[in-house]
Structures are given as structure tokens and as C-alpha cells.
Amino acid sequence: MAAANGSVSSMSKVLHLSRLAYMAQTVFPWECRDKEDQAKIAYNSPLRRANQSLTEENMRLKRILRDNGISWSSVALNHMKQLDPTARKTRSSMTAQDMGHPYLPVEVLLRILKFAMKSPHPIIDPLSPITSENLSESEKTRGNQIAIHFLTTCKALHVEGTRYLWESNEFTFTTAQAVRNFAELPFKFRQYLNYVNFRIIARYYDDSRTRKHKLDRCYHSDMKKDQLLKVHLRPTETPLVRGGFRCYTWNQIVDFLEGLRAPYDPTYKPRKQPRPRLLPSLTSLRLDLVNFSDTLLPFSGSELHDITSHELGCTLNELQITGMPFDDTGMKASAELSGMLKDEGLYLDGPACYIAQSRHLLPLSGKRWCARVIRSCKGKDNDNEDTDDSDTPNGHSSTHNHGRLGALPPAPKEEGHPTSSREEGTVIWKRVPVSRDNSEREWIQFSRFSGYEMNDVDWDSEEEGICPCCGESHPGSSFLEFLLDEDIAD
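Counting in UniProt numbering, the sequence shown runs from 1 upward without gaps.
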């Protein structure tokens, strides 16, 4: 009996050890939403598929009518008359070439077309309905800035003009849905866009009419007193539904950035490679944060970190942000958003552009950008990894050298910069806009040790952490580095 018990015990140990070995080799899944499934669901939405089927059927019916010489509109009737070789030509229906008059060369026509398709201002919410409360008064009165009727002249001008339209203009999106609708544009027009502007307007909700919320006057220097915050009233729900005062801010940034994911395309063939994102050539992004309070907002959640540091991590050369709160919540969000920049990428922080009022946006004056370079320090060479740091206090290096991420290539170096009075390895040159709303740029040199701008040639390396824009000392390019520095100081 004892021998039998011993054999059973040894067998159970063997089974237990084999089970542990199997568990060590197995990778367990974690809960998440699959991007491919979500993109496919959005592509196959009933409304979109129904509209596409109706459009295709409408084109087939028009083709049948055209083949049988039946017009469905006055425009189609005039077009068929021009194509009819037996029709009698009058002076009004004859072209300049038919009448023997000179006509414009193709090169001149294309230059006129390119000028007509370029707007002096960014196009707001292309392919989507305009939300009037997301515009300023001047933007509402601009009217049509593009001679869009050129595209209906002929097929050749339609093809060339459409290409000029999407390649020559800048675009501003004010809703996350407008970003997603941009996926309806063919990929051949989206693939070369390298700059877009996201105007993200914070939305606040409350189910109490007695509470009044204000935007602190420290939001912008133009504000002389606190402003009444724009709050959308909602009915009171059951006690099980969490109500009260709530906001849609950091999650709204996530929704905007999620619109940059790769839209579903059933014609995409290379299955071994991921589908290209909405804007595969995007290198510069501007985020205009509106009504992001310095005193009311909670900390951003994990979703912002996931999409900025993983899905869209190290994809931009330049990130411009206006209206970021200058508090702990804003510092954390800035650190998360800086994850979208490549090593040695340029991060620009500026004052708010607008304040949202009841029916429109009120523009605010602009100032100089506060610029810094993200992950500017060079990583240690492999040959120097074994250097002895025992002579420094507490075993820490005295150079404050944080290695770069190195997962992807760094931002490309900008050529043509002036000569610096400092050593070449300690300076990074960047062309920075002269002001928040001015596209003109000037050469600025940044410290490779701190990442901040260097104006005074007499600065010591210990003082390079002082920001030349506001005169205060900011944390490093990573929120985690800031926390680590605090722990070391304690």
C-alpha cells in the first residue's frame, strides 16, 4: 500500500511539473478590441452599404438612358447635343478652336486650374457637414474659397483638378466623425498628405441646472475675468446611471487619433503586411485644444497612452499643441502625446487659439511657441556600455544622458542651418515657426542634453533645463523621467 501511495505521489508530481512547463510556454491572451474587426464593421455598416448600392444602381440607369439618347437633366441634354456629330453647330455651341480663334495652351490651363483649386484658408471638415458652433465668426462668413465648378468642365480638368484640390490645400477637422469620413476619399489622394489640423473642442455635460461652471481666467492672457463655461444639459438618469458633471476631453483626443487608423479596404492584396493608415505620409500634426480647463479636468486614462505610444508611436516629425492645460493633468497628457514623435522630433506648445462660446468660437491672440526636442540625447555606443560610473555620486552618471528609444529611425536632420558656437554634438538645429499663427520659420538651436531651446551662448549645462519661453524649469521629455528624478532627489 505504501509503495502504491508513493507511485501515485510521484505521478502527481510529474503531472504537476509538466503542467507548469506547459503554462510557462503558453502565451495567454489579453482583452482588447480588434482593429481589423472594428474597421470591417464600420465598412459594412448598413447605411454605408445601402448608399453605395443605390449610387451604383443610379449610375447604371444613367448609362442606359445615355445609350438610348434620353436625357435625365438639362445638363445631360446639352452634353449629348455636343457629342452628336449630326447636330447643327451654332456660334454659341462652337469652341474657340472650331471657330479658328486662338486657345490657351494646356500648361496655362493647368496653372489656372491649380490656382482655382487652392484655398487661402484651411478647408474645414472635408466630405462632412459643417458644425457651425465649431467655427469662428470670420470662418462662417468666408464663403466658398475654391472655384469648384472647374471640375465639371470636362473629364480632363476633373481628373487634374481633383488631384490639385487634395494635394494643394490644408485641412482642419473639428469632429472625430469628420476624420473617419475622410476614409471615403480614395487612397491615391490621401497617401501624400503630410499635415492636418485637429480642432478638439472640449464638451461638458451636467444634469443639474442650478450648478454653474466657469473657465478660469488663467486659460489665456486675453481673459480679464472668469468665463462662464459652455455646458450641455442632460436629463437626470436613474440612480444606477452615473450622472452629474462630466466632460469629454481626453477621450475625444483618442477618438480623433483613432480616425487615423487603417480603414478597411477589401481590394488590398498584400495580406502579409499591415494596411496603410488613413494618412500614411503624415509627419506633422497640430492639435488645437479648446476649453480644456486648467482646474476641472481629470487625468487621462490608459487609452490615450495605448494609441499615442503604441499604435501611433514614433510616427511624427513635429507635433503642435495649443491650449494644453498647464497643470499635472496637462503635463501627463503632454508626455503621452509626445510618444507620437520620433526621436529628436519637435514638440511645440502654444497658448489656446479659441474659447468656445454658445454659438461660435472666439479667437484668442497668439504668442511664441514653447519648443523642445523629444528624446534628444544620443544613446550610448555599444563599445562604451561598460564605462565605470563609480566615481559619480550615488553611482549615477553626471551627464544626465537618457538614451533614445531607437525602435524606429529618428526625425530627419534639417539641412542648411547656421554654424553654432557650441560643439556640434551638443546642439540640435530645428526650424521653428516664429509665432503660433505664422507659417514663417526661423532657425533655433536646442540643447541635446535637456531638449530645450538655447538662446544665451553663456549658458552652463546645469542651467539648460530652464525654458527660454517662460523662464521656468520644466520636467524632461518623459513623464516617467520626471518621476524618477523626484525619487532620486528624495
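Each residue gets a CB set at the ideal place from its N, CA and C atoms; glycine is no exception.
Would you tell me roughly how many angstroms separate the C-alpha atoms of D389 and S421, rounded to the nearest one?
-> Because the pLDDT at D389 is just 43, under 50, the model does not fix this residue reliably, and the value given afterwards should be weighed accordingly. Those two C-alpha atoms are separated by around 29 Å.
Beta-carbon contacts of P363 that lie in its chain and below 8 Å, excluding the five residues immediately before and after = S136, S138, C353, Y354
In terms of residues, what are the limits of the alpha helix (DSSP H) holding K430?
-> No alpha helix (DSSP H) contains K430, which is instead part of the beta strand (DSSP E) from 427-435.
From the DSSP output, which residues share a beta bridge with W443?
-> R431
On the premise that L361 lies in contact with V254, defined as a C-beta separation below 8 Å, what is that separation, rounded to the nearest angstrom?
-> Contact flag wrong, Cβ pair sits at about 22 Å.
E56 versus N197 - alpha carbon distance | 33 Å
Let me know the alpha helix (DSSP H) ranges lying completely inside the region 266-343, each 4 residues or longer, listed in chain order.
-> 302-306, 328-337
Please confirm if the region 103-114 is in contact with the region 125-132, defined as three or more CB-CB distances below 8 Å between the two stretches.
-> no
Quick one: Cα of E237 to Cα of F256, how far?
-> 28 Å
9 Å Cβ cutoff met for R368 and S450 = no
Coarse secondary structure for S358, derived from DSSP in three states = coil
For A407 and S45, the rounded distance between their alpha carbons = 37 Å
Mind checking D328: buried by the 16 CB within 10 Å criterion, or exposed?
-> exposed
Range covered by the beta strand (DSSP E) that runs through D206 = 203-206
Below 8 Å CB to CB, which residues in the same chain sit around S439 once its five sequence neighbours on both sides are set aside?
-> P433
Short Cβ contact (9 Å threshold) for L346 with K430 = yes
What is the DSSP secondary structure of F245, counted as helix, strand or coil?
-> coil
Measure the CB-CB distance between S281 and N194 and report whether it falls below 9 Å.
-> yes
Where the beta strand (DSSP E) containing A371 begins and where it ends | 370-374
For E167, collect the residues of the same chain with a Cβ closer than 7 Å to its Cβ; drop the 5 residues on either side in sequence, then sort them by chain order.
-> Y192
May I ask you to list the residues that DSSP assigns as paired with S136?
-> L361
Whole-Å CB distance - S376 paired with E344, under 8 Å assumed = 6 Å
Report the residue from A202, D222, V231 whose alpha carbon sits nearest the alpha carbon of H213.
-> V231
Assign H305 to buried or exposed, taking buried as 16 or more other Cβ atoms, counted over all protein chains shown, within 10 Å of its Cβ.
-> buried
Which residues in the same chain have their Cβ closer than 7 Å to the Cβ of L157, if we skip the five residues on either side of it in sequence?
-> L113, F150, L151
From Q320, K140, R63, M117, pick the residue whose C-alpha is nearest to that of I148; which is it?
-> M117
Helix, strand or coil at N197 [DSSP, three-state] = strand
Helix or strand or just coil, what does DSSP make of Q252?
-> helix
Taking the alpha-carbon positions, what's the S73 to S53 distance?
-> 22 Å
Answer yes or no: does any C-beta atom of chain D fall closer than 9 Å to that of Q357?
-> Of the protein chains in the structure, only one exists, and it is not chain D.
Option nearest L319 by Cα separation, candidates E160, E258, A39, D349 | D349
CB of F292 within 9 Å of CB of A202, strictly = yes
Grab me the residues of G259's own chain with a C-beta within less than 7 Å of its C-beta, minus the 5 sequence neighbours each way, in chain order.
-> A176, V179, R180, L278
Could you spell out the range, first to last residue, of the beta strand (DSSP E) harbouring H232?
-> 231-233
For E424, count neighbouring C-beta atoms within 10 Å of its own C-beta (all shown protein chains included) and say buried if the count is 16 or more, exposed if not.
-> exposed
Minimum length 3: unbroken beta strand (DSSP E) runs contained in the region 146-226 = 171-173, 195-201, 203-206
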